[in-house]
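J.: As numbered in our numbering, residues 151 to 242 make up the sequence shown, in order.
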Amino acid sequence: MFYLVCYDIVNNSRRQKISLLLEAYGLRVQKSVFECVLDEKQYKNLSQRLLKLVNKREDQVRFYPLSANTRTKVAVLGTQAKLAIDDAAFIV
């Protein structure tokens with residue numbers, strides 16, 4: 151499933167930890183927005199890890215699931231990430 155993950159984190163230290171965690175799961179498309187393709191196990195794992203970092207009284211992380219049909223209708227105005235979440239990458 152494709153998710154748009156957005157966050158609003160008050161504390162700089164927590165924000166950096168959450169940002170680094172999300173970078174391991176997806177592609178940053180804006181400062182606090184990531185595109186992630188996650189199966190059920192990855193979604194659950196990421197959610198549990200985020201819950202350990204988030205201050206529930208101050209912070210917020212949102213997961214927006216997008217269908218394949220909806221993804222094709224995304225419009226980007228202005229600069230765009232050099233890679234897309236569906237691009238193949240080889241790490242050696």
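Heads up, the beta-carbon is just placed ideally off N, CA and C, and yes, glycines get one too.
Predicted, not measured: the structure shown is a model, and the values here were computed from it.
According to DSSP, is Tyr175 part of a helix, a strand, or is it coil?
T.: In the sequence shown, counting from the first residue as 1, residue 175 sits at position 25. Correct three-state label for Tyr175: coil.
J.: Rounding to the nearest angstrom, what Cα-Cα distance links Gly176 and Cys186 in this structure?
T.: As a working mapping, residue 176 is identified with position 26 in the sequence shown. As a working mapping, residue 186 is identified with position 36 in the sequence shown. Approximately 4 Å, taken between the alpha carbons.
J.: Taking C-alpha atoms, which residue in Pro215, Asp158, Arg164 lies nearest to Glu190?
T.: Here residue 190 refers to the residue found at position 40 when the sequence shown is read from its first residue. Checked all of Pro215, Asp158, Arg164; the closest Cα to Glu190 is Pro215.
J.: For Gln230, which of helix, strand or coil comes out of DSSP?
T.: As a working mapping, residue 230 is identified with position 80 in the sequence shown. Three-state DSSP puts Gln230 in coil, outside helix and strand.
J.: Of the choices Asn162, Phe152, Leu171, Tyr153, whose alpha-carbon is the least far from that of Leu201?
T.: Start at 1 with the first residue of the sequence shown, and residue 201 comes out as number 51. Answer by Cα proximity: Leu171.
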